[in-house]
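> Residue numbers (the UniProt record's numbering), protein chains in the order written: chain F, 1 to 256; chain R, 1 to 256; chain S, 1 to 256; chain H, 1 to 256; chain L, 1 to 256; chain C, 1 to 256.
Just passing along the structure, written as structure tokens.
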Ligand SMILES: [Mg+2]
Ligand SMILES: [Mg+2]
Ligand SMILES: [Mg+2]
Ligand SMILES: [Mg+2]
Ligand SMILES: [Mg+2]
Ligand SMILES: [Mg+2]
């Protein structure tokens, strides 16, 4: 019924989601992609050009299509995670969670007591979902999906401990950063064999922990691969890439 | 050398242009499409969600790729045409020019005396192009392409008179509105046979008048057709359509 | 089903509407008021601080509550009326329609052929309502409510002729301007007796013409009066006044 | 007492004003210049990059220094003139008033009945000045300075008729456009001898008519000249020029 | 004299303040409420939709009414506290100060040496208040009110230690979060008896420490209670609630 | 060739740079100053009114003049440093680096592995510079200039250790904060003798370490002094000061 809670409901039914990925500083883009066959829309505040105001404006445009908005916050921006949850975001992807302490801090800012220490004040989420405060308070800790990005060797080494953090719903793999760290800084290649090994390992450990795992696919082929492997949440390509692809399809047909 | 003047130069060399078409309220979209193989970017203030501020911000982003920006203004918004030329736009598309008086008013606002009555104050264009006032004044009337939209039966009936208006560089056909008027309001079909007849007629009359003709293509197939027919300026599809097409290509590959 | 068409449906059922009135430059305000028991939200671009961008952003926030957005455009801004209809507005209130020619120009910009000359390009409305172009084209002329403001002695004198203009859905009375003109410029008093006489006259003439009549109520008492008189569309007070009233209620309780 | 009325008060005391001229799309610039020794700040919506929103935001920042804001609107944008007066602007400069009909239309949109037909709704001005509606209504026609730009040969030829238009407070000379028209479109030179002759003539005719005359000075030398000639309102240089001048002063000192 | 310093002056006179509470992303709302009988306006960046830009724009609008602006920053956003003080904010409310280390960090970012480590650069505050740098530097540490939010059991347990932190002006109670923590995460009820007990205790301890105490009242009844108890700073309800209350008052009168 | 890399190239050639300093919340200001004879433009997010969105928009406007943009981030805002580098900034100035741990954290967020831990995602920088990911990855650590602000006594005491941090390109002196700390909080005087001594000391230690040193000059005289002393990067005055200086030059000429 409520767009914000759709994400948790889908996962509870073991139905994986494919999410659009947005980095352009315009809320209308998110709304446009929500009208397509994606299950969710993810807004990237870490590497995208999206800031707090655009997130605020995009969430209701995505919700108008009955779909949840997930937000990737900048590194360490846990207070921002709280703010976008207040605005009605359905999930948080937090980059560079490299220690159990990082993971616990993430939970502290995104789950209400007694699980975490999230502060009360979800005016936007209440308005979006038509809930009264007690209802939202009771449901929010379950409904909000909080994923810790595992994208360094350090994080991979303690993936079980991260997955065991109470209140954390799962992990999200960043293949590009992972490729950099796994190559010792030699280069970036999100489809490198060692990245795929790490992905398989992380998927297996997540399943063992009974939690959720998401992943970013920079190209359609990778999205198809990740979907077939059974990842719970596959965020693919980007608004900019979609636009480029559409433009190139037209221009290719006009050339020659 | 200067992005603003690239449009006139291309036309002087009898090299037709293909333009992206933008309606989303974000200047970054225009910049992204300028990086693709389009010859120009057109911003739609009539039916798009673009307002003055976005045009101001988009023009330098397009110019950074050495390409001209064309602006379609709202109906009758000739003063807005002056303002976007001041900001460095290379061309104007003015909708619903249905009389010679309309066409003359358009020229009055977009060409300096003695051709028209455009008021002096091109601060943005000077800054963008690195010109001094006398240089810009001497070149602007030739460099700025002003196209009157012919998109009603009334306009078609007097297309020769419109084309004869001094200072007007040519016409631009709007197939959707033309289809409505040619069907007597029965429906909208930009690819109707009577539209194609009108397009051929307008093209022939433009050639006879020694002026320029542009057209909007709502789908790639029409863009290819119009290019093959020899239209001088083919504006195709839209930023939103490109994004949708790219998203659907991904989603199609993931389905089933 | 579609928020844009709710307005026409309500009127077709002879169920009068009460609308919030917004002048603050923030789309969120419109969304907040749409969540209250208003039947519609009206955005004031004439005397309010609202510009095109805010209208674009407010329409989907109001539609999220299943309610239509009406826009009062600035004097003579008929092209702006077209633009906000493209964005999904359900109705237009056009100020200072003082002649039949004004009324016809208003219709020309807001109704498609053969009734008017509205240009095709409702991308926002299609996206908002999930319609295909032919559906929207067939329904738009009936669904969009276009009201001419009658607010001068000159307009009152020809109210029958204005009401007779084909394609115009009705009139909207502006009591403040009416009071100025009826007093010969002596002062402003929207509740003056001569204003009430004029309102009754206009209501009677509208009923005789089988069209619709709206009115602006600057205070709650007037809204109640107009509702009891049977006006079809009563727009009341304003976002700023609501905020002031709420603040004063609190402060009154704290004083002393 | 009220910033909006300061302009009329100064003119009533026969004390000429020097105004800053702003074209950058940022309200803070206007506030910064209001803190300097200017008597007023003028915002240029015709050739500047300023739109409605920036005017709304700049007016209170200028008023915070007890100074009036004047707005130059785009050509023919009389409805915009009404809107910025509603927001608290103290004066309007309207470009390209080339006929008595133009001048009358300008007055119609900027003065209340019985002088003109300005529509009631000055919410911003009331809030800014702390006035009640009756007070503002009584004072506004006198307090708002409306100047018609005389900047073509056609306008010069009928300057007496323009000055005679009831409700018009005076004229404002645009030397650049005047130089273009006086040279028959040969070039732009705001300090050409024929421009100076025209300025002297316009000044004399204005004095004969008992009205006010303003002028734009593109460089400091011209501002000094105009001030010494006794122009009532001298608007000088621009925010961008001030910034450039300040930067060049620094850079000059660092060079070599 | 200066709006920024009004807050400290009021407190020095032992005159409690009632503040409006703003969460809507529009600076005009803050200005509107400043015109009412509030003593201050508080902008909520933690749970409100307000970001840095809106704070920058709201401060002068509030100051135009001679009133101070207080800003509640997000959790841990001490650098943001510095930035809004630079812009002329008169006070800071910092949420979730749960340790003496948190309180000291807050002081470090908001008080100049030797009390704290606030970095120099108050351009906005200087412009707003018309002060020279030495004047502002001498007065700022006394004039800026810095309140640490006590809203967890952990904070309550060490309230004396927090109050003892040098440079901290006092505390601010958040009843909603307090109710969550005091109930062990069972629910949210800002008017629960244990909250009231905690409030009385915190008030007594603040008086014993000779510092200041503020509190948030979510409904008017609580504001009246807190005022009667002698809290120094009572922030009440919200801009959104005021607007809803005003709208409901109108709608209630129209129903039936 | 690429604006982003121009900064590193200049420094590699031992050619010092003079940078404009911007604090006004408008990207156009940065573009305007880039057109002057500055070698770079620095945007101040710490004490200026500039936020993330303005940085994003300013970078391409500065790059259009072939010049690099440097960004001073707020205290501790290392994640923001990553974000503006993603957008194409050429350098980072980080305030209040008072320990080796601070300096290492700064490097972690601004240099890719193996030097630091910067996360991959430079979409803006790639678009701006026309590079492919592997090219940017290989060049970014060298091309991005990261300067730690040394502006407290604590930092001065360990300046050698800070300069020794691997991946840090150098330091940047903040004379105002330095004067506060060196005076024990007695006052602010960026041209105090002890500040000059500290500057000379820092310059000598930087040369000994083979790294780079920048400094802020609040007035032109200090900029000239610092340039003559051989500082690598002198950022001078500010956009606001330039505008004031230009306005005062005009007004001075008009007075009397
Ligand atoms: Mg990553
Ligand atoms: Mg058309
Ligand atoms: Mg009216
Ligand atoms: Mg002119
Ligand atoms: Mg709290
Ligand atoms: Mg500093």
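Each residue gets a CB set at the ideal place from its N, CA and C atoms; glycine is no exception.
Establish whether the CB of residue 160(C) and some CB of chain H are separated by less than 8 Å.
Against chain H, the CB of residue 160(C) has no partner CB under 8 Å away; the residue lies outside that interface.
> Please state whether DSSP places residue 170(H) in a helix, a strand or coil.
strand
> Give me the Cα-Cα distance between residue 29(H) and residue 49(R), rounded to the nearest whole angstrom.
27 Å
> Could you have a look at residue 72(C) and say whether DSSP puts it in helix, strand or coil?
strand
> Please determine whether the Cβ atom of residue 119(S) lies at a distance below 7 Å from any heavy atom of ligand 2.
Residue 119(S) has its CB nearer than 7 Å to a heavy atom of ligand 2.
> Tell me whether residue 176(F) counts as near ligand 1, meaning its Cβ is closer than 7 Å to at least one heavy atom of that ligand.
The answer is yes for residue 176(F).
> If you run the structure through DSSP and keep just helix, strand and coil, what is residue 208(F)?
helix
> Can you pull out the residues from the stretch 59-83 of chain S whose beta carbon lies closer than 8 Å to at least one beta carbon of chain F?
60, 61, 63 and 64
> Looking at the C-beta of residue 56(L), does it have a partner C-beta in chain C at a distance below 8 Å?
yes
> State yes or no: is the beta carbon of residue 98(L) nearer than 8 Å to at least one beta carbon in chain S?
Chain S contact via Cβ: absent.
> Put residue 180(F) into one of helix, strand or coil per three-state DSSP.
Helix.
> Can you check the stretch 17-44 of chain H for any alpha helix (DSSP H) of at least 4 residues that lies completely inside it and give the ranges in chain order?
27-34
> Indicate, with yes or no, if ligand 3 has a heavy atom lying under 7 Å from the CB of residue 95(S).
yes
> Name the chain H residues that come within less than 9 Å of residue 20(L), Cβ to Cβ?
None at all; the shortest Cβ gap to chain H is about 15 Å.
> Can you give me the Cβ contacts of residue 231(S) inside the same chain, cut-off strictly under 8 Å, excluding the 5 residues immediately before and after it?
16, 203, 213, 214 and 215
> Below 7 Å on C-beta distance, what does residue 248(C) contact in chain H?
36
> Which chain L residues are close to residue 49(S), counting only those with a beta carbon under 9 Å from its beta carbon?
Neighbours of residue 49(S) on chain L, chain order: 28.
> Note the first and the last residue of the continuous beta strand (DSSP E) segment covering residue 92(F).
91-94
> Comparing the CB of residue 243(L) with every heavy atom of ligand 7, is any distance shorter than 7 Å?
Looking for ligand 7 in the displayed structure turns up nothing; the ligands present are ligand 1, ligand 2, ligand 3, ligand 4, ligand 5 and ligand 6.
> Pick helix, strand or coil for residue 127(F), following the three-state DSSP scheme.
helix
> Considering only C-alpha positions, which residue in the set 20(R), 9(R), 2(R) and 151(R) is nearest to residue 220(R)?
20(R)
> Taking Cβ-Cβ distances shorter than 7 Å, what residues in chain S pair up with residue 143(H)?
Per Cβ cutoff of 7 Å: no residues; residue 143(H) is ~16 Å from chain S at best.
> Going by the DSSP bridge assignment, what does residue 262(R) pair with across the sheet?
Lying before the first or after the last residue shown, residue 262(R) is absent from chain R, which here runs from 1 to 256.
> Is residue 242(H) helix, strand or coil when you go by DSSP?
helix
> Taking all protein chains shown into account, decide if residue 228(R) is buried (16 or more other Cβ within 10 angstroms of its Cβ) or exposed.
exposed
> Consider the Cβ of residue 127(H): report whether some Cβ of chain L lies at a distance smaller than 8 Å.
yes
> Compute the beta-carbon to beta-carbon distance between residue 59(S) and residue 103(S), rounded to the nearest angstrom, for a pair I have assumed lies under 8 Å.
With 8 Å as the limit, residue 59(S) and residue 103(S) do not qualify as a contact, their Cβ atoms being about 25 Å apart.
> Would you verify that the beta carbon of residue 181(R) is, or is not, closer than 8 Å to some beta carbon of chain S?
By this cut-off, residue 181(R) is an interface position.
> Please determine, among 200(S), 201(S), 42(S) and 179(S), the residue with the shortest C-alpha to C-alpha distance to residue 192(S).
Comparing Cα positions, the closest option is 179(S).
> Residue 177(L) touches chain F at which residues, Cβ-Cβ below 8 Å?
Ordered by position in chain F, the residues that pass the 8 Å Cβ test against residue 177(L) are 119 and 120.
> Pick helix, strand or coil for residue 192(F), following the three-state DSSP scheme.
Secondary structure at residue 192(F): coil, using DSSP grouped into helix, strand and coil.
> Which runs of the alpha helix (DSSP H), 4 residues or longer, sit entirely within the stretch 96-146 of chain L?
100-110, 123-129 and 133-143
> From 97(F), 186(F), 181(F) and 88(F), pick the residue whose C-alpha is nearest to that of residue 139(F); which is it?
88(F)
> Within 8 Å (strictly less), CB to CB, does residue 184(L) reach chain F?
yes
> Could one say the Cβ of residue 1(H) lies closer than 8 Å to chain L's Cβ atoms, at least one of them?
The predicted model places residue 1(H) with a pLDDT of 46, which falls under 50 and marks its position as unreliable, so this point remains unresolved.
> Is residue 151(R) a contact residue of ligand 2, with contact defined as CB to any heavy atom under 7 Å?
Yes, the beta carbon of residue 151(R) sits closer than 7 Å to at least one heavy atom of ligand 2.
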